[in-house]
Amino acid sequence: MRAAGMTAAAVRAALRRIAATTFVSLVLAFFALPMLWLASAPFDADPRINVSLPSFTLANFRVLMDDPYALRSLRNSAVLAAGTAAVVVVSAALAAYALSRVRLPGRDVLLYLLLLLSSIITGTAAMVPIFLLATQLHLVDSHLGVVLVLSGGLLPTAIFLLKDFTDATPASYEEAARVFGASPLQTLRHVVVPVIRPGLAMVGIWTVAQVWGDFLMPFLLLRDPDKAPASVIMYTFYTEGGQPDLALIGAFSLLYSVPVVAMYLLVSRRYGFRFHGGIKR
Amino acid sequence: MTGVELSALTKDYPGGVRAVDGLDLAVPDGAFFALLGPSGCGKTTLLRTVAGLETATSGTVRIGDRDVTRLPPGRRDVGMVFQDYALFPHMTVADNIAYPLRIKKAGKAERHAAAARVAASLGLADLLGRRPAELSGGQQQRVALARAMAARPKVFLLDEPLSNLDARLRLEARTFLKKLQHELGVTTLFVTHDQAEALAMADLIAVMEAGRIRQLGTPAEVFRRPANLFVASFIGSTPMNLVDARVVDGLVEAAGARLPSPVRVVGDEAGESLVYGVRPEYLDFSPVPVDGAFHGRVVVVENLGTSSLTTLETGGGVLVHVVVPEDAEPRPGDEGWAVPRPGRSLLYRGGELMTDDVAAAA
Chain A
1 MRAAGMTAAA
11 VRAALRRIAA
21 TTFVSLVLAF
31 FALPMLWLAS
41 APFDADPRIN
51 VSLPSFTLAN
61 FRVLMDDPYA
71 LRSLRNSAVL
81 AAGTAAVVVV
91 SAALAAYALS
101 RVRLPGRDVL
111 LYLLLLLSSI
121 ITGTAAMVPI
131 FLLATQLHLV
141 DSHLGVVLVL
151 SGGLLPTAIF
161 LLKDFTDATP
171 ASYEEAARVF
181 GASPLQTLRH
191 VVVPVIRPGL
201 AMVGIWTVAQ
211 VWGDFLMPFL
221 LLRDPDKAPA
231 SVIMYTFYTE
241 GGQPDLALIG
251 AFSLLYSVPV
261 VAMYLLVSRR
271 YGFRFHGGIK
281 R
Chain B
282 MTGVELSALT
292 KDYPGGVRAV
302 DGLDLAVPDG
312 AFFALLGPSG
322 CGKTTLLRTV
332 AGLETATSGT
342 VRIGDRDVTR
352 LPPGRRDVGM
362 VFQDYALFPH
372 MTVADNIAYP
382 LRIKKAGKAE
392 RHAAAARVAA
402 SLGLADLLGR
412 RPAELSGGQQ
422 QRVALARAMA
432 ARPKVFLLDE
442 PLSNLDARLR
452 LEARTFLKKL
462 QHELGVTTLF
472 VTHDQAEALA
482 MADLIAVMEA
492 GRIRQLGTPA
502 EVFRRPANLF
512 VASFIGSTPM
522 NLVDARVVDG
532 LVEAAGARLP
542 SPVRVVGDEA
552 GESLVYGVRP
562 EYLDFSPVPV
572 DGAFHGRVVV
582 VENLGTSSLT
592 TLETGGGVLV
602 HVVVPEDAEP
612 RPGDEGWAVP
622 RPGRSLLYRG
632 GELMTDDVAA
642 AA
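Taken in sequence, the protein lines are chains A and B. No gaps in the numbering here: position 13 of the first sequence is 13 in this note's numbering, and each next residue is one more. Here this note's numbering = 1-based position in the second sequence + 281.
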């Protein structure tokens, strides 16, 4: 009797585990499928919206190389991302440093308001005014225009993120530099930037990833397909029949994601640590 | 050569806090000078004003024969060691020490030679390639010292130099700092809240309270003859006995005891309320009745190692502390008498020390 009871309990426990494992596997499969598609479709002679063992080919990439816009759009993406990252990192570093060192009435409210507004600036709601503004300033169809608008949208968050790093840096580092005669710029270059470098790297990567994936602003502000970044160009890959060209889209998607992943790996290896010590707590 | 002279120095912070209040101070050339006081007394602000990290609201700061009141810190020729050391974490020990020379645009070879020389003199020669995070607290402190020394400043400023070291290391560092300062002979100001540290290291001590200097003197003067009740209660590892007293028939009556007066009293003090002060170390304990002594019952005996701090409760409920040498300790509940040693007791009127001159003038 007791043996039977124990067997029943063991069976129940086993069943429960099987059910849980099956559920987790299903969820995982659901999220893994697009990844698998991204891995297989680019090398498939005839990709569809399903995952299958590809009949291996590199022809899709050859077609892509022949496309006049594909490679250039990746370069455009790189230009936009690098430009925005440069503007954002430099301005955010200066602003965050100043905000954490200078006592300003209403500083936190200001930051919070900026943070709230920033989601509107690059959002759909401000689409029309931004387009009109860019037209007035002759910034339509120029990379500079896109860089400036994107920077404006990303800066508040970047400042917010960086201010955490500058706040955590003791002021006595800078005072030490000052006592030994360093000018403010020297202090910034020799001491502050190296100490908050991981923060700068983090904000840089984040900006590049944001710009790389952004569709709306370049789509809106760039008329000439020669200047369009990859995210916009991908939208134009149709077959003559008006169907999405899955072979091209698959191959292009892979090329499109590789740089961002590579950058993450590289930068996190190079800067993925923080200097510490030299301050006795 | 290079003393430091402050005159009528005042520092107000926004919000109406007056950290330093019209302070005059002359630090002689080559002195090892302590700014001592409880936290919030303005001693660190004073040091930072000398460094130039704070600008004086009014008054002047002179270093040597130069008025540096309006000069930025880098042009005052001072070397500073911060309480948290503030070593640059991304630079090696060598680069940290050489940093002041880098700012002075010395060549790389010259810089490193100088850093190596200073490091060797502080026993840091083997650590030049390390980063601050790889050093112990004592080593970090010496690197901070070496960095302050590298540019051969005219004045050293040390902000709580020992407060971040553990107790044993602190004693070592104390001896080390004192020896170093005597060898270099450079005028050195240091800030501390620890009276034992100030007594042990300094040639001269300025005791501060609420932005003002309450007494300036050698450690012996400050310890033996505190100029006022604030200094009297602040200085000394075991607090001084300060007992309300009055003059009766030329004798001082305090806590039920009639004691010989340490100063000549001419009579106009009669009835006035005074304070009689004597350090526990300057009282001799006796288990048998003695004339001119505090009398009471032993309530607590605290072991100090080679002696014991004994607390007597006198008839009026006033507590008197006595340091009793080893092997002579009474037991709680015993009766005891405490005799002040001649010339070691003090009398305060209105919070200020009475001297014979004052008594004669009065």
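We put the CB at the ideal spot given by N, CA and C, even for glycine. None of these values were measured; they are calculated from a predicted model.
Per DSSP, B/T587 lies in no beta strand (DSSP E) segment and is marked neither H nor E. Excluding residues up to 5 positions away in sequence, V147 and S151 lie with their Cβ nearer than 7 Å to the Cβ of A/V87 in the same chain. If you check the CB distance, B/V582 and B/T591 come in under 7 Å.
A contact between stretches requires three or more CB pairs, one per stretch, nearer than 8 Å, and the stretch 435-444 of chain B fails this requirement with the stretch 397-416 of chain B. Residue burial is scored here from C-beta neighbours: B/G466 has fewer than 16 other C-beta atoms within 10 angstroms and is therefore classed as exposed. Around the Cβ of A/D214, a 10 Å sphere holds 16 or more other Cβ atoms; the residue is buried. Per DSSP, A/G106 has no beta bridge partner at all. Secondary structure at A/Y69: coil, using DSSP grouped into helix, strand and coil. In the structure shown, B/D407 falls within a helical segment according to DSSP collapsed to helix, strand and coil. For B/M430, the nearest beta carbon of chain A is not closer than 7 Å to its own beta carbon.
For B/R428, the enclosing alpha helix (DSSP H) stretches over residues G418 to A431.
Taking a 10 Å sphere around the C-beta of A/H190, we find 16 or more other C-beta atoms and assign the residue as buried. Annotation: A/I249 to A/A32 spans about 18 Å, alpha carbon to alpha carbon.
Closer than 7 Å at the C-beta level to chain A, one finds no residue of the stretch 300-324 of chain B.
The beta-carbon distance between A/S73 and A/A230, rounded to whole angstroms, is 4 Å. This is short enough to meet the 8 Å contact definition.
Listed along chain B are F363, D365 and A367, each with a C-beta nearer than 7 Å to that of A/S172.
In the three-state reduction of the DSSP assignment, A/A95 falls in the helix class.
Classified as exposed, B/H463 has fewer than 16 neighbouring CB atoms from the shown chains inside 10 Å of its CB. Around A/P47, the same chain offers A41, L246, A247 and G250 as residues with beta carbons nearer than 7 Å, after the five sequence neighbours per side are excluded.
Chain-order list of chain B residues neighbouring A/Q186: I384, by C-beta distance under 8 Å. Here A/F23 is not bridged, per DSSP, to any residue. The beta carbon of A/F160 does not come within 7 Å of any beta carbon belonging to chain B, so the residue lies off that interface.
With contacts defined as CB atoms closer than 7 Å, B/E594 and B/R578 qualify as a contacting pair.
DSSP places B/R622 outside any beta strand (DSSP E), giving it a letter other than H or E. Considered as a whole, the stretch 285-350 of chain B harbours 324-332 as its complete alpha helix (DSSP H) runs of no fewer than 4 residues, in chain order. Closer than 7 Å to the CB of B/P381 there is at least one CB belonging to chain A. Listed in chain order, the non-local C-beta contacts of B/S518 below 8 Å within the same chain comprise Q476 and A477, local neighbours out to five positions each way being set aside.
B/G492 sits close to B/V301, with the two beta carbons spaced by under 7 Å. In the structure shown, B/A367 falls within a coil segment according to DSSP collapsed to helix, strand and coil.
In the three-state reduction of the DSSP assignment, B/V533 falls in the strand class. Two segments are said to touch when three or more pairs of C-beta atoms, one from each, lie closer than 8 Å; by this definition the stretch 301-316 of chain B does not touch the stretch 251-260 of chain A.
B/V604 has B/L590 as its beta-bridge partners, per DSSP. With its beta carbon at least 7 Å from every one in chain B, A/A168 lies outside the interface. The three-state reading of DSSP puts A/D224 in coil, since its state is none of H, G, I, E or B. No Cβ of chain A is located within less than 7 Å of the beta carbon of B/H393.
A straight line joining the alpha-carbon of B/P520 with that of B/R560 spans about 7 Å.
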